[in-house]
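Asker:
2 protein chains.
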Amino acid sequence: MNLLKIKKIVENIFKNFKLKNTDAKISAEYLIKAELLGAPSHGLARLKMYCDRLSRKIINPNPKIKIKKISQSISHIDANNSIGFVAADIGIKVAIKNAKKTGIGLVAIKNSGHYGLSCFYAEQAVKKNLIVLCFTNAPPAIAPYGAKKSLFGTNPICFGAPTGNKIPFIFDTSVSMINRGKIRVAAKLGHKIPLGVALDKFGKPTSNAKKALKGVQLPIAGFKGSGLAWMVDIMSGVLTGANHAGKVKDPFDDFTGSQNVGHLFLVLKPNLFVGKNYIKRIKENIRTIKKLPKIKGVNEILYPGQGMKSRYKKNLKKGIVISKNILEEIKKLNVIK
Amino acid sequence: MNLLKIKKIVENIFKNFKLKNTDAKISAEYLIKAELLGAPSHGLARLKMYCDRLSRKIINPNPKIKIKKISQSISHIDANNSIGFVAADIGIKVAIKNAKKTGIGLVAIKNSGHYGLSCFYAEQAVKKNLIVLCFTNAPPAIAPYGAKKSLFGTNPICFGAPTGNKIPFIFDTSVSMINRGKIRVAAKLGHKIPLGVALDKFGKPTSNAKKALKGVQLPIAGFKGSGLAWMVDIMSGVLTGANHAGKVKDPFDDFTGSQNVGHLFLVLKPNLFVGKNYIKRIKENIRTIKKLPKIKGVNEILYPGQGMKSRYKKNLKKGIVISKNILEEIKKLNVIK
Chain A
16 MNLLKIKKIV ENIFKNFKLK NTDAKISAEY LIKAELLGAP SHGLARLKMY
66 CDRLSRKIIN PNPKIKIKKI SQSISHIDAN NSIGFVAADI GIKVAIKNAK
116 KTGIGLVAIK NSGHYGLSCF YAEQAVKKNL IVLCFTNAPP AIAPYGAKKS
166 LFGTNPICFG APTGNKIPFI FDTSVSMINR GKIRVAAKLG HKIPLGVALD
216 KFGKPTSNAK KALKGVQLPI AGFKGSGLAW MVDIMSGVLT GANHAGKVKD
266 PFDDFTGSQN VGHLFLVLKP NLFVGKNYIK RIKENIRTIK KLPKIKGVNE
316 ILYPGQGMKS RYKKNLKKGI VISKNILEEI KKLNVIK
Chain B
16 MNLLKIKKIV ENIFKNFKLK NTDAKISAEY LIKAELLGAP SHGLARLKMY
66 CDRLSRKIIN PNPKIKIKKI SQSISHIDAN NSIGFVAADI GIKVAIKNAK
116 KTGIGLVAIK NSGHYGLSCF YAEQAVKKNL IVLCFTNAPP AIAPYGAKKS
166 LFGTNPICFG APTGNKIPFI FDTSVSMINR GKIRVAAKLG HKIPLGVALD
216 KFGKPTSNAK KALKGVQLPI AGFKGSGLAW MVDIMSGVLT GANHAGKVKD
266 PFDDFTGSQN VGHLFLVLKP NLFVGKNYIK RIKENIRTIK KLPKIKGVNE
316 ILYPGQGMKS RYKKNLKKGI VISKNILEEI KKLNVIK
């Protein structure tokens with residue numbers, strides 16, 4: 016489908032659900048960007064959910080977002096239950112500004128919502144020639160090590176660094192074996208998921224996506240993944256003033272109130288310690304790694320962000336494929352209100 | 016063996032190898048602490064290696080460690096090839112001071128060496144009621160995703176947070192399936208390692224520790240672990256001015272020069288955004304997670320740091336067991352020079 020056309024439709028839907036023009040535009044752009052990046056789980060499959068929450072006012076369509084300056088480097092944002100995209104977009108811009116001024120910028124955000132992909136925000140910092148770490152928590156999806164009930168979200172860790180060429184280094188990973196959004200899309204489309212990435216509600220391995228959604232996702236590497244998820248929950252939840260310890264609401268299933276997701280952005284100047292040599296150093300780093308002997312079937316060792324970028328370019332050319340289910344949803348949303 | 020006695024012997028050995036009194040004391044303390052924490056791979060098994068490097072002056076016994084203040088929050092340390100313990104110990108203290116003053120402290124260290132366990136330094140920050148992240152790189156041990164040659168170190172990620180009780184939250188994990196030191200100890204003692212954690216030099220799975228040391232360790236979770244290792248190499252190597260991209264020398268095998276390991280410490284006040292509520296929030300976080308239903312065979316869900324602390328207490332009571340090989344090494348070192 017024509018990209019500009021679909022983006023315009025999504026933007027209009029958001030406006031009809033009372034988002035301000037600029038907020039509707041940002042939100043539509045990020046949903047389409049997720050599709051282009053090959054992450055449909057964070058794309059149009061979420062549009063109806065956002066609209067449902069907007070119409071019930073548990074996403075605040077007209078938030079008063081407060082930015083509190085704690086120091087030249089540190090800011091705290093109360094997003095007043097805005098749609099996550101808007102709060103995070105403001106947050107990363109403040110973190111970038113703080114880092115440009117003092118070398119280091121730290122921004123914590125509370126009362127926000129699901130913000131799409133961390134790489135949206137990391138990319139902004141890297142494009143301004145900065146190093147970035149993004150943390151966000153999410154509704155319960157994976158069980159802490161030793162527990163048989165899910166509590167941690169898939170709690171992504173995202174790291175970005177300028178590379179001196181057009182494609183930034185952006186590593187954006189959940190700490191679960193599989194992205195929850197992927198299971199959700201599989202459930203919607205009736206597809207199977209691989210065995211070993213999730214358990215059903217009785218604690219048994221399952222390849223049924225619907226059963227997995229009611230069960231528990233598995234963290235990467237047992238206690239290591241569980242520890243990383245816990246770290247992200249402390250950084251983005253406990254520290255920021257947002258919900259934590261499993262209290263972030265599932266945006267698809269729980270309409271009893273706002274999510275109160277937390278985000279934490281840390282931004283650094285890459286030249287703090289090595290000056291102008293940074294670009295030479297990172298280029299040498301990547302070049303050295305790319306030159307390593309490869310395993311069978313691998314033509315090139317890609318750095319994180321390269322695969323994403325090539326998927327983006329390819330999809331930009333050929334357009335995005337929207338499943339029938341989701342197209343139906345969009346059509347319905349476009350006539351409502 | 017009596018702890019005080021062995022610590023004194025190790026301290027004297029370090030002094031005989033020309034370390035200053037205070038540096039010998041710190042280094043001996045950290046080696047014994049690793050033993051007490053149940054990480055013998057980072058303990059006395061390394062003493063001979065440190066002495067060998069000291070006697071060849073590729074660890075500088077009398078370094079001029081330079082601390083450059085970049086801002087109230089940020090400092091850069093050139094460790095002048097000191098023994099890693101000493102540089103890192105100074106580094107964390109500077110990071111703590113910076114954070115106490117401005118809310119956030121960032122310290123980068125170059126020209127350092129292997130510093131033992133990250134938790135040594137994280138613990139110091141947490142004891143001062145601060146949040147901490149520690150990164151360090153290490154000699155080649157694991158292969159980047161797609162490569163069949165090792166390049167990244169086991170590159171640990173360490174995160175610490177005050178809990179409001181005596182046992183701090185300290186999550187200290189390598190991004191490899193198994194700690195390289197554990198393989199080294201297994202090789203020394205002739206033990207096997209589990210299958211699936213390492214490949215031999217021909218790229219085949221092996222349970223032979225000696226073959227694994229010549230081969231490649233596997234990262235956790237494929238490209239996810241590989242990406243985390245790459246992130247740590249950029250943060251602690253590329254940014255700091257230390258070696259990176261596989262150039263950190265193996266302290267056991269490569270005596271052609273100093274290691275030039277890099278470390279990066281980030282320290283934050285936990286009350287920046289939630290004030291005095293932090294302790295209430297973290298306690299609630301831990302309490303909620305501990306209350307989850309447990310899988311069969313688990314009596315209590317432990318937070319990272321609890322297991323370590325109980326091993327420490329147990330070992331402190333019963334003393335540490337030193338293998339015959341290592342005892343021989345210590346005896347020899349104690350009469351040399």
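Protein sequences appear in the order of chains A and B.
Letter by letter, the first sequence follows residues 16 to 352 of our numbering.
Letter by letter, the second sequence follows residues 16 to 352 of our numbering.
Just so you know, even glycine gets a beta-carbon here, dropped at the ideal spot from N, CA and C.
1. Just list the alpha helix (DSSP H) runs in the stretch 118-193 of chain B, keeping only unbroken ones of 4 residues or longer that don't cross its boundaries, in chain order.
2. With DSSP run on the structure shown, which of helix, strand or coil describes residue 247 of chain A?
3. Considering only their Cβ atoms, is the gap separating residue 82 of chain A from residue 109 of chain A smaller than 8 Å?
4. Give the secondary structure of residue 21 of chain B by DSSP, where H, G and I count as helix, E and B as strand, and everything else as coil.
5. On the three-state DSSP scale, how would you describe residue 207 of chain B?
6. Roughly how many whole angstroms lie between the Cα atoms of residue 182 of chain B and residue 159 of chain A?
7. Below 7 Å between beta carbons is the criterion; list the residues of the stretch 305-316 of chain A that meet it against any residue of chain B, in chain order.
8. Pull up the distance between the alpha-carbon of residue 164 of chain A and that of residue 330 of chain B, whole angstroms please.
9. Can you list, in chain order, the residues of its chain whose CB lies under 6 Å from that of residue 210 of chain B, leaving out five sequence neighbours each side?
10. Taking the alpha-carbon positions, what's the residue 173 of chain B to residue 88 of chain A distance?
11. Taking its Cβ as the centre, do 16 or more other Cβ atoms sit within 10 Å of residue 259 of chain A, making it buried, or is it exposed?
12. Give, in chain order, every unbroken run of the beta strand (DSSP E) that is at least 3 residues long and sits entirely within the stretch 26-103 of chain A.
13. Between the beta-carbon of residue 91 of chain A and the beta-carbon of residue 114 of chain A, is there less than 8 Å?
14. For the alpha helix (DSSP H) containing residue 350 of chain A, name the first residue and the last one.
15. How many Å lie between residue 273 of chain A and residue 282 of chain B at the Cα?
16. Which complete beta strand (DSSP E) runs does the stretch 241-312 of chain B hold, if anything under 3 residues is left out?
17. My output table needs one value for residue 214 of chain A: the three-state DSSP class, helix, strand or coil.
18. When you compare each of A:346, A:344, A:338 and A:349 to residue 55 of chain A by their alpha carbons, which one comes out closest?
19. Leaving out the 5 sequence neighbours to the left and right, which residues in its chain are closer than 8 Å to residue 308 of chain B when beta-carbon positions are compared?
20. On the premise that residue 319 of chain B lies in contact with residue 184 of chain B, defined as a C-beta separation below 8 Å, what is that separation, rounded to the nearest angstrom?
21. Assuming the contact rule is C-beta atoms closer than 8 Å, residue 297 of chain B and residue 253 of chain A should be a hit. Round their C-beta distance to whole Å, please.
22. Can you round the beta-carbon distance between residue 280 of chain A and residue 147 of chain A to whole angstroms, since I take them to be within the 8 Å contact cut?
23. For residue 264 of chain A, verify whether its CB is less than 7 Å away from any heavy atom of the ligand ZN.
24. Could you compute how far the alpha carbon of residue 99 of chain B sits from the alpha carbon of residue 199 of chain B?
25. Residue 154 of chain B: which of B:170, B:193 and B:293 sits nearest, CA to CA?
26. Tell me the DSSP secondary structure of residue 113 of chain B in three-state form.
27. Within 10 angstroms of the Cβ of residue 20 of chain B, are there 16 or more other Cβ atoms? Answer buried if so, exposed if not.
28. So residue 41 of chain B and residue 104 of chain B are supposed to be a Cβ contact under 8 Å. How far apart are they, rounded?
29. On the DSSP bridge assignment, give the partners of residue 232 of chain A in chain order.
30. With a threshold of 6 Å on Cβ separation, who are the neighbours of residue 33 of chain A within its own chain once the five nearest residues in sequence on each side are excluded?
31. Quick check on this structure: which residue in A:63, A:314 and A:322 has the alpha carbon closest to the alpha carbon of residue 242 of chain B?
32. Compare the C-alpha of residue 85 of chain A against each of A:311, A:197, A:255 and A:333 and name the closest.
33. Consider the Cβ of residue 297 of chain A: report whether some Cβ of chain B lies at a distance smaller than 8 Å.
34. Classify residue 269 of chain A: buried if its beta carbon has 16 or more other beta carbons within 10 angstroms, exposed otherwise.
35. So with Cβ pairs under 8 Å, would you call residue 105 of chain A a contact of chain B?
36. Going by Cα to Cα distance, which pick from B:177, B:66 and B:131 is closest to residue 295 of chain B?
Answerer: Result, derived from the coordinates:
1. Those alpha helix (DSSP H) runs which fall completely within the stretch 118-193 of chain B and span 4+ residues are 133-142.
2. Assignment of residue 247 of chain A by DSSP, reduced to helix, strand and coil, places it in the helix class.
3. Yes.
4. Under the three-state reduction of DSSP output, residue 21 of chain B falls in the helix class.
5. In the structure shown, residue 207 of chain B sits in a strand (DSSP, three-state: E or B).
6. One alpha carbon belongs to residue 182 of chain B, the other to residue 159 of chain A, and they sit about 19 Å apart.
7. The stretch 305-316 of chain A vs chain B, Cβ under 7 Å: 307, 308, 309, 310, 313 and 316.
8. Between residue 164 of chain A and residue 330 of chain B, the C-alpha separation is close to 33 Å.
9. Beyond the five residues adjoining it in sequence on each side, residue 210 of chain B comes within less than 6 Å, by CB distance, of 220 and 222 in the same chain, given in chain order.
10. Taking the straight line joining both Cα atoms gives about 23 Å.
11. Counting C-beta atoms within 10 angstroms of its own C-beta, residue 259 of chain A has 16 or more neighbours from the protein chains shown and is therefore classed as buried.
12. Those beta strand (DSSP E) runs which fall completely within the stretch 26-103 of chain A and span 3+ residues are 81-84 and 89-93.
13. No, Cβ-Cβ distance for residue 91 of chain A and residue 114 of chain A is not below 8 Å.
14. Segment 339-350, the alpha helix (DSSP H) holding residue 350 of chain A.
15. Approximately 31 Å, taken between the alpha carbons.
16. Uninterrupted beta strand (DSSP E) stretches at least 3 residues long and entirely within the stretch 241-312 of chain B occur at 276-283, given in chain order.
17. Note: residue 214 of chain A maps to strand in three-state DSSP.
18. Measuring from the Cα of residue 55 of chain A, the nearest candidate turns out to be A:338.
19. The answer is none, since no qualifying residue turns up.
20. Cβ-Cβ separation between residue 184 of chain B and residue 319 of chain B: approximately 6 Å, consistent with a contact (criterion under 8 Å).
21. The Cβ separation is near 5 Å, so the contact holds.
22. About 7 Å separates the two Cβ atoms, so the contact holds.
23. Here there are no bound small molecules, and the ligand ZN is not part of this structure.
24. Each residue's alpha carbon lies about 19 Å from the other.
25. Nearest C-alpha to residue 154 of chain B: B:170.
26. Correct three-state label for residue 113 of chain B: helix.
27. Exposed, because fewer than 16 other Cβ atoms sit within 10 Å of the Cβ of residue 20 of chain B.
28. Correct: roughly 6 Å between the Cβ atoms.
29. The partner list for residue 232 of chain A (beta bridge, DSSP) reads A:157 and A:213.
30. Cβ-Cβ distances below 6 Å link residue 33 of chain A to 76 in the same chain, with the five nearest sequence neighbours on each side left out; the list follows chain order.
31. Ranked by Cα distance from residue 242 of chain B, the first of A:63, A:314 and A:322 is A:322.
32. The shortest Cα separation from residue 85 of chain A among A:311, A:197, A:255 and A:333 belongs to A:255.
33. Residue-level contact by beta carbon holds for residue 297 of chain A and chain B, with a gap shorter than 8 Å.
34. With fewer than 16 Cβ atoms within 10 Å of its Cβ, residue 269 of chain A is classed as exposed.
35. Cβ-Cβ to chain B under 8 Å: no for residue 105 of chain A.
36. Looking at the Cα atoms, B:177 is the closest of the given residues.
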